Structures are given as C-alpha cells and as structure tokens.
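Participant: So in this note's numbering, the last one in the sequence shown is 168, and the numbering has no gaps at all. Sharing a structure here in structure tokens format.
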Amino acid sequence: MDNLLFIFRTSISKKTDLKRIGSILNKCSRISHWNVDFEDWEKILRIECTGLTAHEIVAMLKIIDIYAEELK
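Right, here's the structure in full:
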C-alpha cells in the first residue's frame with residue numbers, strides 16, 4: 097500500500113492536547129508519522145499513514161473531543 101498524507105485543520109488549543117492525540121494516533125500501526133503545526137492559526141495536523149481514510153482519522157480524533165476537518 098502507498099503512504100498517504102492527510103492534512104487537517106483542528107481544534108487543538110494547547111500543547112497538552114498532544115498527549116491525548118498521541119494516546120490515540122501512536123497506537124495505530126497504520127500511522128507512520130504525525131505532527132501539529134502550532135505556528136499556524138488552524139493548528140494543522142499532518143498524518144502519514146497507509147490504509148486509513150480521512151473519515152476514519154476524524155472519527156478517532158472525535159473520540160477525544162478534537163475537531164478535525166480535512167484540507168484538500
């Protein structure tokens with residue numbers, strides 16, 4: 097499978113949110129890398145993965161009350 101790159105605007109408001117995000121994303125073996133750009137006003141989340149859809153990622157983040165919208 098090819099690596100996919102998804103980019104989301106998010107509701108992340110503080111760096112402590114990273115622990116909650118990491119608790120979900122780091123457990124998913126299909127995610128190879130992720131990061132958050134705190135310099136950007138939209139708190140951009142980039143995720144490199146295989147075999148996931150943007151919808152599945154949004155659903156994972158929703159579990160921990162993080163809003164995410166895919167940017168195209």
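In this text, a Cβ means the ideal position worked out from N, Cα and C, and glycines have one as well. Predicted model, so just to flag it, every value in this text is computed and none were measured.
Just checking my contact of Ser-99 with Ser-125 at CB under 8 angstroms: how many whole Å lie between their CB atoms?
Facilitator: Per the sequence shown, the amino acid found at residue 99 is Asn instead of Ser. Contact doesn't hold; Cβ gap of about 14 angstroms is too wide.
Participant: Excluding the five sequence neighbours on either side, which residues of its own chain have a C-beta within less than 8 angstroms of the C-beta of Asn-131, listed in chain order?
Facilitator: Here the set comprises Leu-141, Arg-142.
Participant: How is the beta strand (DSSP E) around Leu-100 delimited, first residue to last?
Facilitator: Per DSSP, Leu-100 belongs to the beta strand (DSSP E) from 100-106.
Participant: Give every residue of the same chain whose Cβ lies closer than 6 angstroms to the Cβ of Leu-148, excluding the five residues on either side of it in the sequence, and list them in chain order.
Facilitator: The answer, listed in chain order, is Arg-126.
Participant: Since I believe Met-156 is in contact with Ile-120 (beta carbons under 8 angstroms), could you give me their beta-carbon distance rounded to a whole number of angstroms?
Facilitator: The pair is a contact, with the Cβ atoms about 5 angstroms apart (cut-off 8 angstroms).
Participant: Please go through the same chain and pick out, in chain order, the residues whose beta-carbon is closer than 6 angstroms to the beta-carbon of Glu-61, but skip the five residues on each side of it.
Facilitator: Residue numbering for the chain in the displayed model covers 97 to 168; residue 61 lies beyond these limits and cannot be assessed.
Participant: Answer with buried or exposed for Phe-102, where buried requires no fewer than 16 other C-beta atoms within 10 angstroms of its C-beta.
Facilitator: Burial call: buried.
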